[in-house]
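These notes concern the structure reproduced below.
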Amino acid sequence: MSTIYGKKLRLIRIAEGLTQMQMRDLTGISLGSIKGYETGREVGLSIIERIVSHTLFQKYTLWLMTGETAEKAGQVAPKGAEELIESEESNAVDGKQLRY
Numbered sequence: 001m002s003t004i005y006g007k008k009l010r011l012i013r014i015a016e017g018l019t020q021m022q023m024r025d026l027t028g029i030s031l032g033s034i035k036g037y038e039t040g041r042e043v044g045l046s047i048i049e050r051i052v053s054h055t056l057f058q059k060y061t062l063w064l065m066t067g068e069t070a071e072k073a074g075q076v077a078p079k080g081a082e083e084l085i086e087s088e089e090s091n092a093v094d095g096k097q098l099r100y
């Protein structure tokens, strides 16, 4: 999976006012893994599933997976999401995302 997911997970964590340690406590994902994902390590589908299965993060499921929102359905993006997408698009070459 793309490293964009780690950036999205960081935005979600910050939007909820959580530290990395609090995120660890809520999700059961190790602190080292959370730090790694937020700094570029690729996030696997099982990690995304673990996060969105927690009730606090379910409202971000659609945005996390597709970049879309459906506010009437309770699916939103965290603050800073638009800037992240714009940044990712500016790093694209020939329609392909650069990895970092």
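In the UniProt record's numbering, the protein residues as written are 1 to 100. Every residue, glycine too, gets a C-beta built ideally from N, C-alpha and C.
DSSP, reduced to helix, strand and coil, places alanine 70 within a strand of the structure shown. The beta carbons of isoleucine 47 and leucine 64 sit about 11 Å from each other, so the pair does not count as a contact at 8 Å. The C-beta distance from leucine 11 to glycine 80 rounds to 5 Å, short enough to fall under 8 Å.
In the DSSP assignment, isoleucine 29 falls outside any alpha helix (DSSP H) and carries neither an H nor an E. With fewer than 16 neighbouring CB atoms inside 10 Å of its own CB, alanine 70 falls in the exposed class.
Contact check for glutamine 75 against threonine 55 fails: the beta carbons are separated by 8 Å or more.
The alpha-carbon of proline 78 is positioned some 6 Å away from that of alanine 15.
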